[in-house]
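Asks: The listed protein sequences derive, respectively, from chains A and B. If you count by the numbering used here, then the first sequence holds residues 1 to 425, one letter each, in order. If you count by the numbering used here, then the second sequence holds residues 1 to 425, one letter each, in order. Cβ coordinates follow ideal geometry from the N, Cα and C atoms, glycine included. Below: one structure in structure tokens.
Number of protein chains: 2
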Amino acid sequence: MNHYTFMNGGVTAPQGFTANGVCAGVKAATAAAITKAAKANESAVIPNGKRDLALITCDRVCSAAAIFTKNLVKSDTIYVTRKHLQNGRAQAVIVNSGNANACNPDGYEKAEAMAKLAADALNISADDVIVASTGVIGQPLPLAPIESGVAALKDILSKEGGTNAAEAIMTTDTVKKEWAVQTVIDGKTVTIGGIAKGSGMIHINMGTTLSFVTTDAAISSDMLREALLEAADVSYNMVSVDGDTSTNDTLAILASGYAGNAQITEKNADYALFLEALTAAFKAVAKKLAADGEGATKLLIGKVSGAKDEQAAKTIAKSVICSSLVKAAMFGADANCGRILCAVGYSGAEVDVSKIDVAYQSAAGEILVCQNGCGLAFDEEKAEKILLEKEITILITLGDGSGQAEAYGCDLTYDYVKINGDYRT
Amino acid sequence: MNHYTFMNGGVTAPQGFTANGVCAGVKAATAAAITKAAKANESAVIPNGKRDLALITCDRVCSAAAIFTKNLVKSDTIYVTRKHLQNGRAQAVIVNSGNANACNPDGYEKAEAMAKLAADALNISADDVIVASTGVIGQPLPLAPIESGVAALKDILSKEGGTNAAEAIMTTDTVKKEWAVQTVIDGKTVTIGGIAKGSGMIHINMGTTLSFVTTDAAISSDMLREALLEAADVSYNMVSVDGDTSTNDTLAILASGYAGNAQITEKNADYALFLEALTAAFKAVAKKLAADGEGATKLLIGKVSGAKDEQAAKTIAKSVICSSLVKAAMFGADANCGRILCAVGYSGAEVDVSKIDVAYQSAAGEILVCQNGCGLAFDEEKAEKILLEKEITILITLGDGSGQAEAYGCDLTYDYVKINGDYRT
């Protein structure tokens, strides 16, 4: 039985939080700066229409935590956020989606300046601001649009603004991702809400570019961090779109405590309830991120059971949904079992090849295409019907133990190439 | 100074070897068998026009060795070939490109039967035959077309037939790959020749589906194996098209000894000369494999210097040329340095991020786009001109030590998706 319920809303669903997002024109300003630097040609900076600056805040200081990309090349926003979270508290998040502020000589100062702009507007300490960025790498972050954007945002922060914030963190995403979930802890209704962005450059290991989570639960920053790690491990860490890991990945959470439950400070039953709801939400987001992968037409779920252990199951599930050949075959609705077996075989996990079964499953049915490591003759028409659905589960059943895992990916399409062949222009 | 010279020819260039390739219709027969099994509908088997069966042989027993895919899921042809090479000798190679003979319950018997068909036709021992296959996985190998194909091949084995053999091992390759190189060892002219196939499913770790090498050098099977491993380490093991590792990768070599040099049985100066020529040839093949990657329009060379050590340089070079985002950007001639930095950062190698320089180089010039880990403003027009060439070198200069490496890849294009969206039909 589930102990949580999904509901409408996003980062402003929990008590205490307001937010909004505006079009500040960060991307246009970056592009103009590039042109200027390269050609000494002054261009007018015009906001490009899409919202690209979000501000999320709470009316009190929250306990907070965040986890980040493992890429050695990191946006300076990450170093700044990590420093600001050393005391386990935060009150606001400022984030732009026009420029990654990564690989720039002045990145650290700019990230601090972004935090200060938000802090001054909200009349809070800059140390209590979480900063994040996403967009083009290696080009100076223009602060002017952020300054004017923050000035505009300060006056429109509201409960309703949460959905604009979700929109403002999108880059190549085609749909905005926001969610809210409720559970009961210590007799009190606890709400958790979040927004996420991510379409390309999504890979195993914090496989999301940016995600911000709010809750009114009372919970310590240490337990928030633990919960993020545990929930991400079976969700964000099991998503891959293209095998690339971003420089900017940030998953941050703020807890206002307004729900009034006894503060969670250890891994007790209350923590388990909080984690259960958070994990369910993160898994739902993981599927949304994969389904909205750049150019994707299909969500692929790699579902492994019977592996030697959970680690082996994860390794195999990830290997299958990461395979370019599997992804292209799913785009073409081609029930090729060889590609699945091949990806299982090179995953690095220990497997008894003679005990591998493979089946495809979707709303149109299920078909077994491989048994005991050998390809089966099967009804090609039925297989094609199954693979023409929007959500395909690749079931891999092993005979090695009781390890289980799910990984989330998408098909590889012409549009992925198109989107990424000319990203900057 | 190089101690070798490239020349025309392939597997029949060295003394003692003849070969040929025919259209046996293995793929058509496999397809007909699928249709039959799935729908009980008898279809006529018609050879599909392309050569798909090759036979290479020597007029005397050779010393021989082979190295294979590290995929746990292996074609049974690999187990048979490994067994046949236990005594370090072989006299012929039989290979088909219509069916991988992998993941089939009767794969081992069929692979042995293939060897026996070749052996009987050549009047040699089946234990002296190397067997290989490539093509669709998980479908029974039809022996009838191989039997009639071998009967046809036996009468047309010749020096001129080598190029037909190169053609017969192609699958989605657009150009056949054959090469020959000469060197002088112990005062004698030694020739080494080879053919290779590989277009998709090419990845680091014996990144070639099939490659067969012949030589008239006198060299022990142990030294042949060492030379294969050493030469592959900087060539086949540094190529990636799509990150997928095949079930059938086989790199085999036969040495007739006709050159008359004192047999190489240890890693002496003669071995070094042999290895130098072999390595040069393998590197040339690696570039050809990458340039002919499925759907590729460009060869990408990732060239790393200044890494902590050679291993770190290899890891970084491979990470860069394997990145889907880098590959798509190169297709679009987009001089995005962020994607390169990103791929360096997640490679897993230890790197001082503040000392990374990145430049693009081609026949049209060279342009520095990143210095000391920070993006530079650069001339976009010049950069585009450089990236519109057919061979692009991505120069990554680190400040961590003296490790160097090169890796070979290709761009990611619409056609890759097209080719792999519907491979079987």
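According to DSSP, simplified to helix, strand and coil, what is Arg-339 (chain A)?
Replies: Translated into positions along the first sequence, residue 339 (chain A) becomes position 339. Three-state DSSP puts Arg-339 (chain A) in a helix.
Asks: For Lys-197 (chain B), does the three-state DSSP call read helix, strand or coil?
Replies: On the second sequence, position 197 is the one that residue 197 (chain B) refers to. Of the three classes helix, strand and coil, the one that applies to Lys-197 (chain B) here is strand, per DSSP.
Asks: Residue range of the alpha helix (DSSP H) that Cys-322 (chain A) falls in?
Replies: Counting from one through the first sequence, the residue named residue 322 (chain A) turns up at place 322. Cys-322 (chain A) -> alpha helix (DSSP H) spans 310-322.
Asks: Restricting to Cα atoms, I'd like to know which of B:Leu-117, B:Lys-110, B:Glu-389 and B:Asn-87 is closest to Lys-437 (chain B).
Replies: Since the first residue shown for chain B is 1 and the last is 425, residue 437 (chain B) is missing from the structure and cannot be characterised.
Asks: Roughly how far, in whole angstroms, is the beta-carbon of Lys-308 (chain A) from the beta-carbon of Gly-401 (chain A), given that I think they are within contact range, below 8 Å?
Replies: By 1-based counting over the first sequence, the position of residue 308 (chain A) is 308. By 1-based counting over the first sequence, the position of residue 401 (chain A) is 401. Contact holds; Cβ gap of about 4 Å.
Asks: Excluding the 5 residues flanking Phe-378 (chain A) on each side, which residues of the same chain have their C-beta closer than 6 Å to its C-beta?
Replies: Indexing the first sequence from 1 puts residue 378 (chain A) at position 378. Counting only Cβ-Cβ distances below 6 Å, and skipping sequence neighbours, we find Ile-367 and Val-369.
Asks: Spell out whether any CB of chain A is found under 8 Å from the CB atom of Asn-104 (chain B).
Replies: As a working mapping, residue 104 (chain B) is identified with position 104 in the second sequence. It does; some Cβ of chain A falls within 8 Å.
Asks: Using 8 Å as the limit for Cβ to Cβ distance, is Gln-139 (chain A) near chain B?
Replies: Working through the first sequence from its first residue, we reach residue 139 (chain A) at position 139. Yes, its Cβ sits closer than 8 Å to a Cβ of chain B.
Asks: Taking three-plus beta-carbon pairs below 8 Å as touching, is the stretch 217-225 of chain B in contact with the stretch 254-268 of chain B?
Replies: Because the criterion of three Cβ pairs below 8 Å is met, the stretch 217-225 of chain B and the stretch 254-268 of chain B touch.
Asks: In its own chain, which residues sit with a C-beta less than 6 Å from the C-beta of Thr-5 (chain B), not counting the 5 before and 5 after it?
Replies: Your numbering for residue 5 (chain B) matches position 5 in the second sequence. The answer, listed in chain order, is Gln-182.
Asks: For Lys-314 (chain A), count neighbouring Cβ atoms within 10 angstroms of its own Cβ and tell me buried if that reaches 16, exposed if not.
Replies: By one-based count along the first sequence, residue 314 (chain A) stands at place 314. Under this definition Lys-314 (chain A) is a buried residue.
Asks: Determine the extent of the beta strand (DSSP E) in which Val-150 (chain B) is found, giving its start and end residues.
Replies: On the second sequence, residue 150 (chain B) is found 150 positions in, with the first residue counted as 1. Where Val-150 (chain B) is concerned, there is no enclosing beta strand (DSSP E), although the alpha helix (DSSP H) it sits in stretches over 144-154.
Asks: With distances taken from CA atoms, which of A:Tyr-346, A:Phe-331 and A:Ala-328 is nearest Ile-316 (chain A)?
Replies: Within the first sequence, numbered from 1, the residue matching residue 316 (chain A) stands at position 316. When only C-alpha atoms are compared, the closest one is A:Tyr-346.
Asks: Checking 8 Å against the spacing of the C-beta atoms, do Lys-327 (chain A) and Gly-198 (chain A) come in under that value?
Replies: For the purposes of this step, residue 327 (chain A) is taken as the residue at position 327 of the first sequence. For the purposes of this step, residue 198 (chain A) is taken as the residue at position 198 of the first sequence. No, the pair does not count as a contact, with Cβ atoms beyond the cut-off.
Asks: Rounded to whole angstroms, what's the CA-CA distance from Val-304 (chain B) to Pro-14 (chain A)? Just pull it up for me.
Replies: Here residue 304 (chain B) refers to the residue found at position 304 of the second sequence. Here residue 14 (chain A) refers to the residue found at position 14 of the first sequence. Rounded to the nearest angstrom, the two C-alpha atoms are 50 Å apart.
Asks: Give a yes or no on contact between the stretch 283-292 of chain A and the stretch 248-256 of chain A, applying the rule of three or more CB pairs nearer than 8 Å.
Replies: Cβ pair count under 8 Å is below three, so no.
Asks: Considering only C-alpha positions, which residue in the set B:Ala-165, B:Gly-16, B:Ile-386 and B:Arg-339 is nearest to Ser-509 (chain B)?
Replies: A query on residue 509 (chain B) cannot be resolved here, the shown segment of chain B reaching from 1 to 425 and no further.
Asks: Any C-beta of chain B within less than 8 Å: which residues of the stretch 404-417 of chain A qualify?
Replies: For the stretch 404-417 of chain A, which is checked against every Cβ of chain B, the residues closer than 8 Å are Leu-412, Thr-413, Tyr-414, Tyr-416 and Val-417.
Asks: Does the beta-carbon of Ala-405 (chain B) have 16 or more other beta-carbons within 10 angstroms, so that it is buried, or is it exposed?
Replies: As a working mapping, residue 405 (chain B) is identified with position 405 in the second sequence. Buried is the call here.
Asks: Taking DSSP's pairing of strands, which residues face Thr-93 (chain B) in a bridge?
Replies: Position 93 of the second sequence holds residue 93 (chain B). With the sequence shown as reference, residue 93 (chain B) is identified as Val, and Thr is not the correct amino acid for it. DSSP, once it has assigned bridges, lists B:Ile-56 and B:Ile-130 as partnering Val-93 (chain B).
Asks: Could you work out which residues of chain B lie near Ser-246 (chain A), taking near to mean beta carbons separated by less than 8 Å?
Replies: Working through the first sequence from its first residue, we reach residue 246 (chain A) at position 246. Those are Cys-342, listed as they occur along chain B.
Asks: Helix, strand or coil, according to DSSP, for Met-7 (chain A) in the structure here?
Replies: Counting from one through the first sequence, the residue named residue 7 (chain A) turns up at place 7. It is a strand residue.
Asks: According to the Cβ coordinates, are Ile-137 (chain A) and Gly-373 (chain B) closer than 8 Å?
Replies: Here residue 137 (chain A) refers to the residue found at position 137 when the first sequence is read from its first residue. Here residue 373 (chain B) refers to the residue found at position 373 when the second sequence is read from its first residue. For Ile-137 (chain A) and Gly-373 (chain B), no; Cβs fall outside 8 Å.
Asks: Beta carbon of Ala-19 (chain B), beta carbon of Gly-149 (chain B): below 8 Å?
Replies: As a first step, residue 19 (chain B) is located in the second sequence; it is residue number 19 there, counting from the start. As a first step, residue 149 (chain B) is located in the second sequence; it is residue number 149 there, counting from the start. Not in contact: Ala-19 (chain B) and Gly-149 (chain B) (Cβ atoms no closer than 8 Å).
Asks: Could you tell me which whole beta strand (DSSP E) segments of length 3 or greater appear in the stretch 58-117 of chain A?
Replies: You should have 89-96.
Asks: Using 8 Å as the threshold, is the stretch 220-239 of chain B in touch with the stretch 57-66 of chain B, meaning 3 or more CB pairs across them?
Replies: A contact exists between the stretch 220-239 of chain B and the stretch 57-66 of chain B.
Asks: Buried or exposed, going by whether 16 or more other CB atoms sit within 10 Å of the CB of Gln-311 (chain B)?
Replies: As a first step, residue 311 (chain B) must be located in the second sequence, where it is residue number 311. Exposed, since its Cβ has fewer than 16 Cβ neighbours within 10 Å.
Asks: Taking the Cβ atom as the reference point for each residue, do Ile-394 (chain B) and Ile-340 (chain B) lie within a distance shorter than 8 Å?
Replies: Locating residue 394 (chain B) in the second sequence gives position 394, counting from the first residue. Locating residue 340 (chain B) in the second sequence gives position 340, counting from the first residue. For Ile-394 (chain B) and Ile-340 (chain B), yes; Cβs fall inside 8 Å.
Asks: How should Leu-229 (chain B) be labelled, buried or exposed, when 16 other C-beta atoms within 10 angstroms of its C-beta is the threshold for buried?
Replies: Stepping through the second sequence from its first residue, residue 229 (chain B) is reached at position 229. Answer is exposed; the Cβ neighbour count stays below 16.
Asks: Residues of chain B with CB closer than 7 Å to the CB of Leu-72 (chain A), please, in chain order.
Replies: On the first sequence, position 72 is the one that residue 72 (chain A) refers to. Within 7 Å Cβ-Cβ: Gly-345, Val-351 and Val-353.
Asks: Say whether chain A places a C-beta atom closer than 8 Å to the C-beta of Phe-68 (chain B).
Replies: The sequence position of residue 68 (chain B) within the second sequence is 68, counting from 1. Chain A contact via Cβ: absent.
Asks: Within 10 Å of its beta-carbon, does Ala-167 (chain A) have 16 or more other beta-carbons around it, so buried, or fewer, so exposed?
Replies: Taking the first residue of the first sequence as position 1, residue 167 (chain A) is located at position 167. Reading the sequence as shown, one finds Glu at residue 167 (chain A) and not Ala. The residue in question, Glu-167 (chain A), is buried, as its Cβ has 16 or more Cβ neighbours within 10 Å.
Asks: In chain D, what lies closer than 8 Å to Gly-338 (chain A) by C-beta?
Replies: In the displayed structure, chain D is absent; the protein chains listed are A and B.
Asks: Got a sec: does the ligand PLP put a non-hydrogen atom nearer than 7 Å to the Cβ of Ala-65 (chain A)?
Replies: Inclusion of the ligand PLP in the displayed structure is not the case, the ligand content being empty and no account of it being possible.
Asks: Phe-426 (chain A) versus chain B: which residues are under 8 Å apart at the beta carbon?
Replies: Outside the shown range of chain A, which is 1 to 425, sits residue 426 (chain A), and nothing can be said about it.
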